[in-house]
Structure formats: structure tokens, C-alpha cells
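Colleague: Residue numbers (the UniProt record's numbering): 1 to 66.
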Ligand SMILES: [Zn+2]
């Protein structure tokens, strides 16, 4: 069954239709979170995995953004 009216603020765990922004680890590509954004966006971060953290340090932390 599908409800035609999906009100904002009434969030269900499975309703990710508006979460077009995804936060992914740039090393293991794991999706860490989704964000409700206007349009499809990707945010690259480093997750908590030790392997990814050490990889980030090895690369010198290439995270300078304007
Ligand atoms: Zn990772």
C-alpha cells in the first residue's frame, strides 16, 4: 500500500526519496549517511574505520576546500 500524501516532517525510516545527498567514505565508498538536499549531491568524508583513517593520513589529508 502506498500513501499519496507524504508530509514533510513525518519521517519514516524507509522514506529516503528526498535524501538525494549522500555522505560516503572516499576510501571504502561506504554510505555513511543521507541528507535531504535539493538535487543529487555527494559528500566525501572519511569514515571511522582505522584503515580509512590511516589512508587519509598517508595521503596527507587532501581536504582543502574553498
Ligand atoms: Zn571508510
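Don't be surprised by glycine CBs; every beta carbon is placed ideally from N, CA and C. Small disclaimer: the values here were computed from a predicted structure and weren't measured.
1) Which residues have their C-beta within less than 6 Å of a heavy atom of ligand 1, listed in chain order?
2) Cα separation between residue 32 and residue 42?
3) On the three-state DSSP scale, how would you describe residue 34?
4) Between which residues of its own chain and residue 49 is the CB-CB distance below 7 Å, once the five residues before and five after are set aside?
5) With distances taken from CA atoms, which of 25, 40, 30 is nearest residue 18?
Modeller: Let me spell this out:
1) 25, 27, 28, 30, 47, 49, 52
2) 11 Å
3) strand
4) 28
5) 40
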